[in-house]
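One structure is given here, and the rest of the page talks about it.
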Amino acid sequence: MNRMLIHLAYDGSGFQGYQKQPNARSVQGEVERALAKMHKAASWPSVSSGRTDAGVHGLCQPVHFDTPLSIPEERWPRALNSLLPDDIHVQSAEPFDGRHARYDAEAKEYVYRMLIAEERDIFRRHYVHQLRQKPDITAMRRAAAHWLGTHDFSALSSPRTDVVDKVRTMYAIDLEENGPEWTIRFIGSGFLYQMVRVMTGTLLEVGYGSRRADSMPALLEGRDRRTAGKTAPAEGLYLSRVFYSPEALERHMRGLSPEA
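Note that our numbering has the sequence shown beginning at 1, numbered continuously upward.
What follows is the structure, given as structure tokens:
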């Protein structure tokens, strides 16, 4: 058996999340249905780098699966795309023998997209978080700086999880403003359940003046979810990248640096 890694893009607005679940449409369910057809089997398992919630999108979700088929790597995307629905697309495929899509991930990048406009854009309602007033981006950047490094992020994630170890390392949090289009880019060793959305909601409260930027150290120390901001909506969130080597992460970080 050979292990292959594919990279998926998907529009999360039509799914109840990435993970397969009974009586609900999921990205994993569609991918494994396509794999089963290719292998002429009743089912075919796959493993992703992680799960995304209902409404969350994927720009580059890695998924591995084992296969006895001798198909050149460049042919896997076309073969699978012919069997997948229009809201999932295989971008690339590569051999992945001896590695694991979830456990061998060095780091992940999420982006959260916002649109600042007085009038709602109904055609983008599933793809950005729409805000009527512009928050203070300088205050948000000051707040985010307190989260860089290694911390217990219990206060900034949902308590509805079985994960015991809440310590993660944040490598970068970049707020980018391009006219009415805003993006927050989070790069970390890993992310807890709803962590990016809670962080975003908390930053927005800082940006609108209902929370102080210098309150972030105490918030982290308290480890109480009730002291953080509201959970931002799912539609603005995208899993952007997953890194499988320190070198790949370092190259990406250099590309984000203003000095690079």
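A virtual CB, placed ideally from N, CA and C, is assigned to each residue, including glycine.
Here the structure is a predicted model, which is why all the values come from computation and not from measurement.
Relative to the C-alpha of M1, which residue among I88, V56 and G98 is closest? Reading the sequence shown from its first residue, position 1 is the one you call residue 1. For M1, the nearest C-alpha among the options comes from G98.
For K108, name the three-state secondary structure that DSSP assigns. The count along the sequence shown starts at 1 and reaches residue 108 at position 108. DSSP places K108 in strand when its eight states are reduced to three.
In or out: S43 buried (at least 16 other Cβ within 10 Å) or exposed? If you number the sequence shown from 1, residue 43 lands on position 43. So S43 ends up on the exposed side.
T200: first and last residue of the uninterrupted beta strand (DSSP E) it sits in: The count along the sequence shown starts at 1 and reaches residue 200 at position 200. Per DSSP, T200 lies in no beta strand (DSSP E) segment; the continuous alpha helix (DSSP H) that holds it begins and ends at M195 to G207.
Residue range of the unbroken alpha helix (DSSP H) whose run includes T138: Along the sequence shown, read from residue 1 onward, the residue named residue 138 stands at position 138. Unbroken alpha helix (DSSP H) run through T138: I137 to A145.
Since R226 sits in a beta bridge, which residues does DSSP pair it with? As a position in the sequence shown, residue 226 is number 226, starting the count at 1. Residue pairing by DSSP places R226 in no beta bridge whatsoever.
Which stretch, first to last residue, makes up the beta strand (DSSP E) that contains M170? Position 170 of the sequence shown holds residue 170. First-last of the beta strand (DSSP E) with M170: V167 to N178.
Could you check where the beta strand (DSSP E) with N2 kicks off and where it finishes? Position 2 of the sequence shown, counting from 1, holds the residue named residue 2. Under the DSSP assignment, N2 falls in the beta strand (DSSP E) whose first and last residues are N2 to Y10.
What is the rounded straight-line gap between the Cα of A260 and the Cα of A248? What you label residue 260 is simply residue 260 of the sequence shown in a count that begins at 1. What you label residue 248 is simply residue 248 of the sequence shown in a count that begins at 1. Reliability of the predicted coordinates at A260 is poor, the pLDDT of 36 falling under 50, and the value obtained from them is presented with this limitation in mind. The straight-line gap from Cα to Cα measures roughly 15 Å.
How about R185 and T231: do their beta carbons lie closer than 8 Å? Position 185 of the sequence shown, counted from the start, is the residue given in the question as residue 185. Position 231 of the sequence shown, counted from the start, is the residue given in the question as residue 231. The answer is no: Cβ separation not under 8 Å.
Here's a check: name, in chain order, each residue in its chain whose Cβ is nearer than 6 Å to the Cβ of S49, leaving out the five neighbours to either side. Counted from its first residue, the sequence shown places residue 49 at position 49. The beta carbon of S49 sits closer than 6 Å to the beta carbons of P62, A101, R102, A105 and V242 from its chain, once the five residues preceding and following it are set aside; these are given in chain order.
When burial is assigned at 16 or more other CB atoms within 10 Å of the CB, is V167 buried or exposed? Locating residue 167 in the sequence shown gives position 167, counting from the first residue. Result: exposed.
Once the 5 residues before and after L5 are set aside, which same chain residues still bring their CB inside 6 Å of it? As a first step, residue 5 must be located in the sequence shown, where it is residue number 5. So the qualifying residues of the chain are P62, H64, E94 and F96.
Would you kindly report the start and end of the unbroken beta strand (DSSP E) that includes H126? Here residue 126 refers to the residue found at position 126 when the sequence shown is read from its first residue. No beta strand (DSSP E) contains H126, which DSSP labels as neither H nor E.
Would you kindly work out how many angstroms separate the C-alpha atoms of M114 and G236, rounded to a whole number? Along the sequence shown, one-based indexing puts residue 114 at 114. Along the sequence shown, one-based indexing puts residue 236 at 236. Note on geometry: alpha-carbon atoms of M114 and G236 lie some 6 Å from one another.
Below 6 Å CB to CB, which residues in the same chain sit around R3 once its five sequence neighbours on both sides are set aside? Taking the first residue of the sequence shown as 1, we reach residue 3 at position 3. Cβ within range, chain order: H64, D66, F96 and D97.
Can you tell me the Cα-Cα spacing of M170 and A107, whole angstroms? Counting from 1 along the sequence shown, the entry for residue 170 is found at position 170. Counting from 1 along the sequence shown, the entry for residue 107 is found at position 107. Each residue's Cα considered, the two are about 9 Å apart.
Measuring alpha carbon to alpha carbon, tell me which of Y127, R212, K40 and I137 ends up nearest L239. Within the sequence shown, residue 239 is the residue found at index 239, counting from 1. Comparing Cα-Cα distances from L239 to each of Y127, R212, K40 and I137, the minimum goes to Y127.
Rounded straight-line distance, which links the Cα of G209 to that of G12: In the sequence shown, the residue the question calls residue 12 occupies position 12. In the sequence shown, the residue the question calls residue 209 occupies position 209. In a straight line, the C-alpha of G12 is about 31 Å away from that of G209.
Can you grab the Cα-Cα spacing for the pair N178 / V31, in whole Å? The count along the sequence shown starts at 1 and reaches residue 178 at position 178. The count along the sequence shown starts at 1 and reaches residue 31 at position 31. Straight-line Cα distance between these residues: approximately 35 Å.
Is DSSP giving A24 helix, strand or coil here? Here the question's residue 24 lines up with position 24 in the sequence shown. A24 falls in the coil class under three-state DSSP.
With a 10 Å radius around its C-beta and 16 neighbouring C-beta atoms as the bar for buried, classify L69 as buried or exposed. Your numbering for residue 69 matches position 69 in the sequence shown. By the 10 Å Cβ count, L69 comes out exposed.
Report buried or exposed for R212, applying the criterion of at least 16 other Cβ atoms within 10 angstroms of its Cβ. Position 212 of the sequence shown, counting from 1, holds the residue named residue 212. With fewer than 16 neighbouring CB atoms inside 10 Å of its own CB, R212 falls in the exposed class.
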